[in-house]
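Trainee: I am attaching a structure below and will ask some questions about it afterwards.
Protein chains in written order, with my numbering: chain S, 1 to 247; chain Z, 1001 to 1698.
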């Protein structure tokens, strides 16, 4: 599904060069829910931005399905973002001038494929994520959790291969965070969605199938949930974080 | 919603304020520039402003300032708009919209905004100019000269400016979609342009630079012209003003970032100061444009009070109520006819003096211009017959003025103005005097100066010399000067008007000449270059009430009551034009200030909400808003006004190395104008503050 191989990325700040990603490699299978964790500055968001092709990588490759993303031109990349990827951002990035329903439909509208079926799908997503009651409201009129569930529904409208989520619970209270995580789980269960989530939050990550822990721009550890229950997996994640802190 | 165009339209409907701000700014800037251009290129104005004259240069200079100001604030409004739109653009790109799709939508939208705003501005600019002008005619003064006509060419300037606005919108719009980093595009709307460290010496350093630039810019043309005998291109001398612009920028930076007060109460205005610093570059750029426009507006605005005060004081200080002179070959009304006319109008003459004058050639230096690869330069040549001047005998002078003077034969006295100045046009230092008809030459000493506003520019000589030098002169070279007073001068307007008409009616075509026309200069020019340029111009007896005639006819009588009463009528076009320019500039300033203040509300609404959540009272929030808005209005107003006031004072001083009473009085009246404008500015500040507080729900 997603194969990242030896990814490098650096930033130039004045005369200094900061290497943020130093050869990151991993693979994600279809239907997997993967969290990327790590301390601030470890390269989580940069990794996500490279996979989204929002910023170009310096070196390495990203394969989405059978497509090598680096080889695509701007128009093709736009097509991939629209059809194959779904995005959920920490600060939602909903358009204030559109209703909840129109925000959800936006990727389909951009892709030029809105028909009765798409509209029914948007309504179904609203129902699945518990936002049917507010679908005619505008973002300014709904809560943070509702905004993020709207963003998740938007990410799913085009049935993408992969959902990329950047700190989706970062701006939410615990109740809203749980609702958003539930919506990811629901998307995975009901639609077989593959989710790649960057997070600081061990609670959110504990719902995933796997957690990739980054440190100083490299994969420090990859933890499989396997048969562990959620609490045990969260403990394992916290142990890893503590261990990383001791080193 | 089914398609992307509908999404765009929906977003547009929900962002009408932003669209309105951009459309309004584009419309307003094109409207002002069109109105200004229509006025500036109007034949009505061009007929009155002498070609190559200072007035026309001033109008052009302020026009350039207005164009720069309007261009900058249009760009500012556009950058605000694209910053606002960048979040939408970033989200669309992140969700897979192609740049070409976004570009198409945005360009369509911009085309609509730009063409509507610029079209409406260009179409309404002319009617605005006409409307304002008609308002002046209705409420202030109306003369035949003021009938306004437009030249279609003026729309060229409107079209050029519209093209700039449309081009700028398209370029900025295209750039906003073309950024490659999508994260940057999304973040663009939150980007601020803070100014960090500004050394405190920027304040006084800026003032020093400003003073230096103002001085250099003013003095540079004199150095080129008087020192190097070279007329530099205007763009070159303008470069010398650049330190002033840099100084102004430094002052504004210091004011916004550091402030002028000592840091005793650092925390008192910390919120408003930090907010302004956070948007520092935009704030300072806006303030700079406003300052320059205010300076331009006052430069135009000061024209009327300076001219009016100077003229009125000049009329009042004249030593005689009525003065006129004429060539002796003209059949101009003499004492009997004037007395008869006075009786007809119930006016009593209280004093009458009528003396002969003769026109003689005097020596001096003149400029011979030549064109070279560097432009126009000139060399100074001496001629014993450089120009002609009128001479009176000492007894005639005494008869006219009552002043007794003693001049030895061979000595002459130059008559300067009442302040002793030659006004830069009369040196009063003739050494050789020639009877131009007989060729008889007299060497004289100009070692005495007299003062008289009415007789300014003439010479007085010893009675016996006068007799000798007058011999052989025909009537065309002999003139008569008449002084008389009347009882109740202030009530003799009708008589003055009738006498003026009688004098003009009696004057023949041979004296239908401008003041600058000189028979001696004419002969020399024809000898040297085959033509005399002043032969191509002549005042028109039929337009005797026009400013052109009243200001420049060679034999224009000086009747105190007529001149005072007709001053506004005579100078109407000048006065109203400069008032119009000031209004246009101030309108631009107020729109910029209002726009800037409203963006404070739009950009910082979240901060104010957060401060309210942190427990800030309404009064505290109000103070914070007010501090910012006060700065937006007051800093450019104080700086621009002080700047132009000091510059005006400098011009007045360097005219003749002193400030005369008339100039000081004029500057005093200018202060009244400043006070009046300050009241209007204050009212607009209050309105803006109210609007911003309403937008922030404070």
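Backbone N, C-alpha and C define an ideal beta-carbon position, used for all residues, glycine too.
Quick one, which residues of the stretch 53–79 of chain S are near chain Z if we go by CB-CB under 9 Å, in chain order?
Mentor: 53, 54, 55, 56, 74, 75, 77, 78 and 79
Trainee: For a contact meaning CB atoms closer than 9 Å, what does residue 216/S contact in chain Z?
Mentor: Walking along the first chain from the start, residue 216/S turns up at place 216. Residues of chain Z passing the Cβ test: none, with the nearest at roughly 22 Å.
Trainee: Taking the Cβ atom as the reference point for each residue, do residue 241/S and residue 206/S lie within a distance shorter than 8 Å?
Mentor: The residue given as residue 241/S occupies position 241 in the first chain. The residue given as residue 206/S occupies position 206 in the first chain. Not a contact, by the Cβ cut-off of 8 Å.
Trainee: Mind checking who residue 1254/Z pairs with in its DSSP beta bridge?
Mentor: Walking along the second chain from the start, residue 1254/Z turns up at place 254. Answer is none; residue 1254/Z lacks a bridge partner.
Trainee: When you compare only the Cα positions, how much space is there between residue 1694/Z and residue 56/S?
Mentor: Stepping through the second chain from its first residue, residue 1694/Z is reached at position 694. Stepping through the first chain from its first residue, residue 56/S is reached at position 56. Residue 1694/Z and residue 56/S: Cα-Cα distance of roughly 45 Å.
Trainee: In three-state DSSP terms, what is residue 1461/Z?
Mentor: Along the second chain, read from residue 1 onward, the residue named residue 1461/Z stands at position 461. Correct three-state label for residue 1461/Z: strand.
Trainee: DSSP on residue 1496/Z, reduced to helix/strand/coil?
Mentor: Within the second chain, numbered from 1, the residue matching residue 1496/Z stands at position 496. In the structure shown, residue 1496/Z sits in a helix (DSSP, three-state: H, G or I).
Trainee: Hey, could you find the ends of the alpha helix (DSSP H) residue 1203/Z is sitting in?
Mentor: For the purposes of this step, residue 1203/Z is taken as the residue at position 203 of the second chain. For residue 1203/Z, the uninterrupted alpha helix (DSSP H) segment begins and ends at 1201–1222.
Trainee: Quick check on residue 1382/Z: does DSSP put it in helix, strand or coil?
Mentor: As a working note, residue 1382/Z is residue 382 in the second chain. In the structure shown, residue 1382/Z falls within a strand segment according to DSSP collapsed to helix, strand and coil.
Trainee: For residue 1034/Z, is the classification buried or exposed, using 16 other Cβ atoms within 10 angstroms of its Cβ as the cut-off for buried?
Mentor: On the second chain, position 34 is the one that residue 1034/Z refers to. Burial call: buried.
Trainee: Would you report the Cα separation of residue 1059/Z and residue 1051/Z, rounded to the nearest angstrom?
Mentor: Looking up residue 1059/Z in the second chain gives position 59. Looking up residue 1051/Z in the second chain gives position 51. The alpha-carbon separation between residue 1059/Z and residue 1051/Z amounts to approximately 12 Å.
Trainee: If you run the structure through DSSP and keep just helix, strand and coil, what is residue 1416/Z?
Mentor: Counted from its first residue, the second chain places residue 1416/Z at position 416. Reduced to three states, the DSSP call for residue 1416/Z is strand.
Trainee: Give the single residue among 1036/Z, 1067/Z, 1085/Z and 1066/Z whose Cα lies nearest to the Cα of residue 1017/Z.
Mentor: Along the second chain, read from residue 1 onward, the residue named residue 1017/Z stands at position 17. Nearest option by C-alpha distance: 1085/Z.
Trainee: Counting only Cβ pairs nearer than 8 Å, list the residues of chain Z close to residue 96/S.
Mentor: Here the question's residue 96/S lines up with position 96 in the first chain. Here the neighbours are 1014.
Trainee: I'd like to know if residue 1183/Z contacts chain S, where contact means its C-beta is closer than 8 Å to some C-beta of that chain.
Mentor: Locating residue 1183/Z in the second chain gives position 183, counting from the first residue. Cβ-Cβ to chain S under 8 Å: yes for residue 1183/Z.
Trainee: If I follow the unbroken beta strand (DSSP E) through residue 1356/Z, where does it start and stop?
Mentor: By 1-based counting over the second chain, the position of residue 1356/Z is 356. First-last of the beta strand (DSSP E) with residue 1356/Z: 1349–1372.
Trainee: Per DSSP, residue 9/S is paired with what?
Mentor: Mapped onto the first chain, residue 9/S falls at position 9. Residue 9/S pairs with 21/S.
Trainee: Quick one: is residue 211/S buried, meaning 16 or more other Cβ sit within 10 Å of its Cβ, or exposed?
Mentor: Residue mapping note: residue 211/S aligns to position 211 of the first chain, counting from 1. Under this definition residue 211/S is a buried residue.
Trainee: For a minimum of 4 consecutive residues, which ranges assigned as the alpha helix (DSSP H) are wholly contained in the stretch 1540–1598 of chain Z?
Mentor: Correct list: 1547–1552 and 1560–1570.
Trainee: Does the stretch 1478–1492 of chain Z come within contact of the stretch 1330–1348 of chain Z, defined as at least 3 CB pairs closer than 8 Å?
Mentor: yes
Trainee: Closer than 7 Å, Cβ to any Cβ of chain S: which residues of the stretch 1073–1090 of chain Z, in chain order?
Mentor: Within the stretch 1073–1090 of chain Z, the residues whose Cβ lies closer than 7 Å to some Cβ of chain S are 1088, listed in chain order.
Trainee: Hey, how far is the Cα of residue 1684/Z from the Cα of residue 1630/Z?
Mentor: Here the question's residue 1684/Z lines up with position 684 in the second chain. Here the question's residue 1630/Z lines up with position 630 in the second chain. Residue 1684/Z and residue 1630/Z: Cα-Cα distance of roughly 11 Å.
Trainee: Residues of the stretch 106–123 of chain S in Cβ contact with chain Z at a cutoff of 8 Å, in chain order, please.
Mentor: 106, 107, 109, 110, 111, 112 and 114
Trainee: How close, in whole Å, do the beta carbons of residue 1361/Z and residue 1385/Z come, if the pair is a contact with beta carbons under 8 Å?
Mentor: Position 361 of the second chain, counting from 1, holds the residue named residue 1361/Z. Position 385 of the second chain, counting from 1, holds the residue named residue 1385/Z. Contact holds; Cβ gap of about 4 Å.
Trainee: In terms of residues, what are the limits of the beta strand (DSSP E) holding residue 1434/Z?
Mentor: As a working note, residue 1434/Z is residue 434 in the second chain. Here the beta strand (DSSP E) through residue 1434/Z covers 1432–1434.
Trainee: At 4 residues or longer, and completely inside the stretch 1266–1305 of chain Z: list those alpha helix (DSSP H) runs for me, N to C.
Mentor: 1270–1278 and 1280–1301
Trainee: Can the beta-carbon of residue 1415/Z be found closer than 8 Å to that of residue 1460/Z?
Mentor: The count along the second chain starts at 1 and reaches residue 1415/Z at position 415. The count along the second chain starts at 1 and reaches residue 1460/Z at position 460. Yes, these two residues count as a Cβ contact at 8 Å.
Trainee: Give a yes or no on whether the C-beta atoms belonging to residue 1670/Z and residue 1306/Z are separated by under 8 Å.
Mentor: As a working mapping, residue 1670/Z is identified with position 670 in the second chain. As a working mapping, residue 1306/Z is identified with position 306 in the second chain. Contact flag set, yes.
Trainee: In three-state terms, what does DSSP make of residue 34/S?
Mentor: Working through the first chain from its first residue, we reach residue 34/S at position 34. Correct three-state label for residue 34/S: strand.
Trainee: Going by DSSP, which residues form a beta bridge with residue 1451/Z?
Mentor: Here the question's residue 1451/Z lines up with position 451 in the second chain. Looking at the DSSP assignment, residue 1451/Z forms a beta bridge with 1416/Z.
Trainee: Closest to residue 1226/Z by C-alpha separation, out of 1380/Z, 1628/Z, 1532/Z and 1410/Z, would be which residue?
Mentor: Against the second chain, residue 1226/Z aligns to sequence position 226. Nearest in C-alpha terms to residue 1226/Z, of all of 1380/Z, 1628/Z, 1532/Z and 1410/Z, is 1380/Z.
Trainee: For residue 1612/Z and residue 1625/Z, what's the separation of their Cα atoms in angstroms?
Mentor: Counting from 1 along the second chain, the entry for residue 1612/Z is found at position 612. Counting from 1 along the second chain, the entry for residue 1625/Z is found at position 625. Near 13 Å, if we compare the C-alpha coordinates of residue 1625/Z and residue 1612/Z.
Trainee: Exposed or buried, what is residue 1243/Z when buried is set at 16 or more other beta-carbons lying within 10 Å of its beta-carbon?
Mentor: Against the second chain, residue 1243/Z aligns to sequence position 243. Answer is buried; the Cβ neighbour count reaches 16.
Trainee: According to DSSP, is residue 1328/Z part of a helix, a strand, or is it coil?
Mentor: Translated into the one-based positions of the second chain, residue 1328/Z becomes position 328. Looking at residue 1328/Z - three-state DSSP - the assignment turns out to be coil, as it is neither helix nor strand.
Trainee: Let me know if residue 1133/Z comes out buried or exposed under the rule of 16 or more other beta-carbons within 10 Å of its beta-carbon.
Mentor: Within the second chain, numbered from 1, the residue matching residue 1133/Z stands at position 133. Per the 10 Å Cβ criterion, buried.
Trainee: In three-state DSSP terms, what is residue 138/S?
Mentor: Locating residue 138/S in the first chain gives position 138, counting from the first residue. Of the three classes helix, strand and coil, the one that applies to residue 138/S here is coil, per DSSP.
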